[in-house]
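Numbering (the working numbering), first residue to last: 4 to 487. Beta carbons are placed, not taken as given, at the ideal position from N, Cα and C, and that holds for glycine. All figures in this text were calculated on a predicted structure; none of them were measured in a lab.
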Ligand code: NAP
């Protein structure tokens, strides 16, 4: 296959928090892979910035260790690693003080793309934005990348937006949601808008319901204190799952253009109905099978934070009238599996009787593991013995379709960072989208806080709380099995 990758300009990328966990696990290994792919053109550089007193050489050793740990062995090429390390620099800087800022300014070059990745706690965003502007380090063409969480409610999200807006235009701000960088998530847009097959059926008349599942096997281990202030609704639903829902539910944008796409997503968020309490199930994993239980990890024996949530969500517009979107996400579940499943309705007139084994068509979009899509269709079971139907997948697995090249598909962070350098905001959340998402989320959280609702305990390694099954059963539907 001939490469049709859009080239990037020469850049200087400063990573505030370059010594932190996210930089080590995702950003730096991802950039190494882009370097190997030839996407760090000319003398593009990466500048780590944190308070630790390190030399360039000292930081390079950290980057070398991060590559050794987080890049698959088969992709570790010593010559490439040395070449990549040659692009790495470091400045010791205090986001809240004056130390290091003049040194950073001296290091920056003219006529290259300047990007600043805020891989630090959100409480530092304002300080960094202000100093970048005060010291004249950022110019009108510079871009800043900010990490989740973007606020913990509408008020804090508005405050963050306001702090950033003091120094940067919206066109310079890249709010990252790594779910949007996933290959399959973008493929969802390609499948919907580059084919005639699906879009005519993409509405209440033909779709029965949608399920979005993000299931994790890991618990909150080690992050208990942080997670306890967040919970599944804030950590997963308000951002990642909301974005997935938007891509399924949005109208076709007039063009594949950042604002056109984001305008359509925003309309979906604004059309979300408030969720009544009977359409929400919250859970917290208990102890068992070697697991100590959420309460032990959270260090708060009275915690009411949910490690699981299931919701029935309605989009209040013509296209989706009466089509429920069932969302569920949780930790310590039976398998690590994320998928979107779109279940179509029955044909209007059934010519085969029930005994033939009819099942609805389902389009399954797998986000992990094994990114890909399956379209479940009915065919005749082969062989004699009359008309019996069977459901088979039309498999659109990337690994099969792309062969060896599937290995080269950039991961979400790599792709998104390169989009920042290209100046393409399509896959980043706009400020008004984030605020609209919180405006929908806030009353839901306030509701259970005001009532003092306690999440239902569920067994680690299970599919979640019993009541979540009922959420579907009472509508005559069932969750798909959670499996890898
Ligand atoms: P972390 O491991 O605690 O790293 C924080 C980084 O910030 C370190 O490099 C630290 O280095 C630097 N730092 C702290 N205070 C500073 C200051 N005053 N001035 C300059 N640098 C300072 O955090 P992380 O897990 O990498 O997370 C970074 C951001 O990404 C957070 O917003 C987090 O919510 C978000 N995020 C993380 C993950 C993840 O998987 N880790 C996933 C999604 C989002 P020094 O102490 O040397 O200054």
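Legend entry - Proximity winner among 147, 220 and 261, relative to residue 166 (alpha-carbon distances): When each option's Cα is compared against that of residue 166, the closest is 147.
Inset, instruction - To the nearest angstrom, report how far apart residue 22 and residue 439 are at their CA atoms. - result: Taking the straight line from one Cα to the other gives about 33 Å.
Legend entry - Same chain, Cβ closer than 6 Å to residue 104, neighbours up to 5 away in sequence not counted: These residues qualify, in order along the chain: 134 and 138.
Legend entry - Simplified DSSP state of residue 78, which is helix, strand or coil: The answer is helix: DSSP assigns residue 78 an H, G or I state.
Inset, instruction - At 4 residues or longer, and completely inside the segment 10-58: list those alpha helix (DSSP H) runs for me, N to C. - result: Counting only runs that start and end inside the segment 10-58, the alpha helix (DSSP H) elements of at least 4 residues fall at 31-39.
Inset, instruction - Tell me, please, which residues DSSP counts as bridged to residue 327. - result: Paired residues: 317.
Legend entry - Residue from 327, 231 and 131 whose Cα sits closest to the Cα of residue 311: In this structure, 231 is the residue among 327, 231 and 131 with its C-alpha nearest to the C-alpha of residue 311.
Inset, instruction - Kindly indicate which residue of 271, 218, 185 and 309 has the alpha-carbon position closest to the one of residue 229. - result: Among 271, 218, 185 and 309, the Cα nearest to that of residue 229 belongs to 309.
Legend entry - Backbone secondary structure at residue 71 - three-state DSSP: Here residue 71 carries a helix assignment [DSSP, helix/strand/coil].
Legend entry - Bridge-paired residues (DSSP) for residue 383: Answer is 392.
Inset, instruction - Taking all protein chains shown into account, decide if residue 487 is buried (16 or more other Cβ within 10 angstroms of its Cβ) or exposed. - result: In this structure residue 487 is exposed. Its beta-carbon is surrounded by fewer than 16 other beta-carbon atoms within 10 angstroms.
Inset, instruction - My understanding is that residue 416 touches residue 41, with C-beta atoms under 8 Å, so please give their C-beta distance in whole angstroms. - result: Taking a contact as a CB-CB distance under 8 Å, the pair residue 416 and residue 41 does not count as one, their CB atoms being some 18 Å apart.
Legend entry - Best match in 60, 281, 422 and 441 for proximity to residue 1 [C-alpha to C-alpha]: Nothing about residue 1 can be reported from this structure: the residues present for the chain run from 4 to 487 only.
Legend entry - For residue 294, three-class secondary structure by DSSP: Looking at residue 294 - three-state DSSP - the assignment turns out to be strand.
Inset, instruction - Taking residue 177 as the reference, give the member of 432, 470 and 467 with the closest Cα. - result: Checking every option, the nearest Cα to that of residue 177 belongs to 432.
Inset, instruction - With a 10 Å radius around its C-beta and 16 neighbouring C-beta atoms as the bar for buried, classify residue 29 as buried or exposed. - result: Under this definition residue 29 is a buried residue.
Inset, instruction - Taking only the alpha-carbon atoms, compute the straight-line gap between residue 342 and residue 163 and give it to the nearest angstrom. - result: Between the alpha carbons of residue 342 and residue 163 lies a distance of about 31 Å.
Inset, instruction - For residue 216, verify whether its CB is less than 7 Å away from any heavy atom of the ligand NAP. - result: No, since every heavy atom of the ligand NAP falls outside the 7 Å radius drawn around the Cβ of residue 216.
Legend entry - Close-in-space but distant-in-sequence residues of the same chain around residue 289 (CB under 6 Å, 5 per side omitted): Result list for residue 289: 296 and 460, in chain order.
Inset, instruction - Take the Cβ of residue 14 as the centre, count every other Cβ of all protein chains shown within 10 Å, and call the residue buried at 16 or more, exposed below. - result: Result: buried.
Legend entry - Reduced DSSP category for residue 407 - H, G, I as helix; E, B as strand; rest coil: Summary for residue 407: the model assigns pLDDT 49, below 50, so the residue's position carries little reliability; its value from the coordinates is reported in the next sentence. In the structure shown, residue 407 sits in a helix (DSSP, three-state: H, G or I).
Legend entry - Limits of the alpha helix (DSSP H) - the one that residue 449 falls within: Looking at the DSSP string, the run of the alpha helix (DSSP H) that includes residue 449 is 434-454.
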